[in-house]
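Remarks on the structure that follows.
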Amino acid sequence: TRFLKVNSIDSEIRRDSKNTAHKDAYQVILDGVKGGPKEKRLAAQFIPKFFSSFPELADAAINAQLDLCEDEDVSIRRQAIKELPRFATGENILRVADILTQLLQTDDTAEFNQVNAALLSIFKTDAKGTLGGLFSQILQGEDIVRERAIKFLSTKLKTLPEDVMTKEVEDYVFAETKKVLEDVTGEEFVLLMRVVSGLRVLQTVSGRQQLVELVVEQAFLEQALNPADPDTVDRLLQCTRQALPLFSKNVHSTRFVTYFCDHVLPNLSTLTSPVAELDIQLEVLKLLAEMSPFCGDMEKLEANLNMLFTKLLEFMPLPPEEVENGENSASEEPKLQFSYVECLLFSFHQLGKKLPDFLLDKVDAERLKDFKIRLQYFARGLQVYIRQLRVALQGKTGDALKTEENKIKVVALKITNNINVLIKDLFHNPPSYKSTVTLSWKPVQKTEAVAPKRPSGEEMGSGGTTKKQNSPLPRRDARQIYNPPSGKYSSSIGNFTYERGGFRGGRGRGFGARGNRSRGRIY
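In terms of our numbering, the sequence shown opens at residue 254 and continues consecutively.
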């Protein structure tokens with residue numbers, strides 16, 4: 254009854270809030286949080302309604318509303334949370350934002366949505382003050398609160414209009430995020446990079462360069478790589494994936510490419526994968542290939558090219574030895590690892606543009622001869638496999654190409670066509686670096702370079718020309734040079750369908766374990 258009486262003199266209270274009787278009546282409302290469910294529901298409604306009329310009771314009012322936000326009755330909690338934005342005025346905004354951020358830890362879906370709505374509501378009142386409360390909890394709050402606050406920022410900030418996310422507000426987000434990045438888990442790093450990458454203020458060349466610098470700091474590129482430590486490898490993978498979309502002709506990948514050539518490629522075979530099912534060598538080579546077009550001037554260009562050249566030799570086998578009668582020996586045919594070679598050839602081709610005389614002047618004659626023999630053998634095997642793939646896919650359209658087997662063959666054809674185009678460039682005399690290909694796992698954006706009418710293995714002589722030789726080898730020998738193993742691509746579908754970014758590292762891997770926090774309620 255006393256609650257209803259207070260409500261009935263609403264206008265009178267607003268005219269004369271200093272009246273002792275009115276103040277006593279508001280105190281009755283505040284005390285209602287200790288009553289039964291009916292009193293609590295009324296209190297949840299009336300406390301915020303008259304909050305601005307009794308500034309001297311502001312702290313008591315906020316604390317009373319907060320008690321209702323923690324009530325056992327979920328309906329009372331939701332009502333109290335819904336009204337919290339009405340307290341977000343003046344200097345109270347930071348406190349209310351802090352409270353709402355802590356309430357993100359609820360497991361009740363409707364309540365969680367109510368908290369999200371309340372936070373978005375006070376953003377429109379004071380975005381910077383709201384962010385202050387969120388970042389306060391991210392830096393000092395319990396782990397569950399920190400985690401959900403970061404996820405809130407990563408999903409909700411991009412939905413706010415420009416009149417809310419002003420330049421000043423975005424600058425504040427960037428500054429606070431840099432503080433948080435000093436101690437993050439791998440998952441947090443990815444989410445926070447999503448936050449800052451979406452800021453309009455950083456969509457310039459200068460802004461993207463700042464983002465790359467953030468990633469460089471996390472990647473520890475000044476330290477040697479420990480290939481046996483999955484956490485260290487995971488850190489490098491996560492950081493490289495975050496930097497990759499930022500690279501362009503004006504924002505260079507030079508430091509990452511140099512690090513890969515200096516520390517990753519020499520240890521490629523000993524890298525420890527952070528995820529069991531991940532082909533870590535292929536993943537690393539894919540990342541290197543994607544970064545290579547965006548290299549700027551490199552101090553160690555020749556050394557980097559030499560490392561790529563060395564790795565290419567490892568993945569491009571020599572032809573099997575022949576016995577005296579000219580037949581191939583009984584030893585097993587070398588396996589041609591097309592997906593690895595595509596990545597290495599592409600990276601070598603991209604860096605080779607910067608030092609086009611590398612194969613002519615920087616590689617000794619014996620090594621170059623060995624390379625051409627391997628290249629020619631690989632090219633012949635490539636032609637056989639391309640023919641088989643084209644025959645297998647001939648006449649297939651629509652749903653027929655969507656079967657798992659045919660999808661694998663389509664990707665395999667992309668890979669082999671890419672290698673074919675790049676090899677032809679290197680067979681030019683002098684070697685050429687003019688052809689353009691789209692990496693097999695990337696969507697085609699421009700007209701892709703198409704391999705010319707396939708020449709036979711004999712037409713690709715070691716002299717660097719595709720002109721037919723005067724004394725070609727017998728066709729029988731050409732057929733014997735390479736017999737692709739059946740089902741090769743069926744057994745390695747993971748190599749062709751792995752999507753960059755789908756990898757999930759363990760929480761905290763490689764980014765330092767944040768200390769356990771036990772702060773309790775710090776409203």
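Glycine residues also receive a C-beta, built at the ideal position from the N, C-alpha and C atoms.
As the structure is a computational prediction, the values presented were derived from the model and not from experiment.
Element boundaries [alpha helix (DSSP H), containing residue i]
{"i": "V637", "result": "618–646"}
{"i": "R399", "result": "396–409"}
{"i": "H602", "result": "591–605"}
{"i": "A486", "result": "Note on identity: in this sequence residue 486 is Val, with Ala being the wrong assignment. Here the alpha helix (DSSP H) through V486 covers 483–496."}
{"i": "T669", "result": "657–680"}
{"i": "A779", "result": "Outside the shown range of the chain, which is 254 to 776, sits residue 779, and nothing can be said about it."}
{"i": "F562", "result": "554–568"}
{"i": "L613", "result": "It is not in any alpha helix (DSSP H) - L613 carries neither H nor E in the DSSP assignment."}
{"i": "A297", "result": "290–302"}
{"i": "E466", "result": "458–472"}
{"i": "F544", "result": "Phe is not the amino acid found at residue 544; the sequence shown has Met there. First-last of the alpha helix (DSSP H) with M544: 533–544."}
{"i": "G651", "result": "Premise fails: G651 is in no alpha helix (DSSP H) and is neither H nor E."}
{"i": "S450", "result": "439–450"}
{"i": "N520", "result": "Run containing N520: none; DSSP gives neither H nor E here."}
{"i": "K335", "result": "327–336"}
{"i": "V417", "result": "Element bounds for V417: n/a, residue is neither H nor E."}
{"i": "S387", "result": "Checking the sequence shown, residue 387 turns out to be Leu, not Ser. 380–393 is the extent of the alpha helix (DSSP H) around L387."}
{"i": "F509", "result": "507–512"}
{"i": "V349", "result": "346–355"}
{"i": "N316", "result": "311–322"}
8 Å Cβ shell around residue i - same chain, five flanking residues per side excluded
{"i": "E555", "result": "L608, F611, K615"}
{"i": "T342", "result": "S305, T378"}
{"i": "D635", "result": "The sequence shown places Leu at residue 635, not Asp. Cβ within range, chain order: L589, F591, T669, I672, N673, I676."}
{"i": "Q332", "result": "R294, A297, Q298, L321"}
{"i": "L666", "result": "I639, L642, R643, L646"}
{"i": "M551", "result": "T507, V510, T511, N557, L604, K607"}
{"i": "L467", "result": "K431, L434, M446, V449"}
{"i": "L561", "result": "C514, L518, L597, S600, F601, L604"}
{"i": "E252", "result": "Summary: the structure shown does not reach residue 252, with the chain confined to residues 254 through 776, and so no result is reported for it."}
{"i": "L654", "result": "L646, K660, V663"}
{"i": "S407", "result": "L444, L445, R447, V448"}
{"i": "A477", "result": "H516"}
The ligand HEM heavy atom lying under 6 Å from the CB of residue i
{"i": "D532", "result": "As presented, the structure is devoid of all ligands, the ligand HEM included, so that no description of it is given."}
Residues of its chain near residue i, where Cβ-Cβ distance is below 6 Å and the 5 sequence neighbours each way are ignored
{"i": "S685", "result": "D678"}
{"i": "F388", "result": "E429"}
{"i": "Q280", "result": "none"}
{"i": "R461", "result": "L499, V504"}
{"i": "P570", "result": "P587"}
{"i": "F513", "result": "L541"}
{"i": "L372", "result": "L353"}
{"i": "M418", "result": "none"}
{"i": "T227", "result": "Given that the chain is displayed from residue 254 to residue 776, the structure contains no residue 227 and the question cannot be resolved."}
{"i": "R339", "result": "P301"}
Residue i versus the options, residue with shortest Cα-Cα distance
{"i": "E441", "options": "Q462, P573, F405", "result": "F405"}
{"i": "L566", "options": "L604, T507, Q629", "result": "Q629"}
{"i": "E421", "options": "K381, F376, T438, V398", "result": "K381"}
{"i": "E415", "options": "T523, A632, V454", "result": "V454"}
{"i": "N520", "options": "D487, L489, P480, K553", "result": "P480"}
{"i": "W694", "options": "R348, F680, E595", "result": "E595"}
{"i": "T493", "options": "N316, F473, T438", "result": "F473"}
{"i": "E423", "options": "D326, G385, D436", "result": "G385"}
{"i": "D360", "options": "N345, G394, V349, E323", "result": "E323"}
{"i": "K287", "options": "S374, V469, F427, E325", "result": "E325"}
Same chain, Cβ closer than 7 Å to residue i, five either side skipped, listed in chain order
{"i": "I403", "result": "I391, E441, L444, L445"}
{"i": "V458", "result": "N503, V504"}
{"i": "K649", "result": "N659"}
{"i": "Q367", "result": "R331, I334, K335"}
Inspect the CB distances between the segment 534–542 and the segment 437–450 and report whether three or more fall short of 8 Å. no
Q.
Quick check: the segment 546–553 against the segment 500–514, are at least 3 beta-carbon pairs closer than 8 Å?
A. yes
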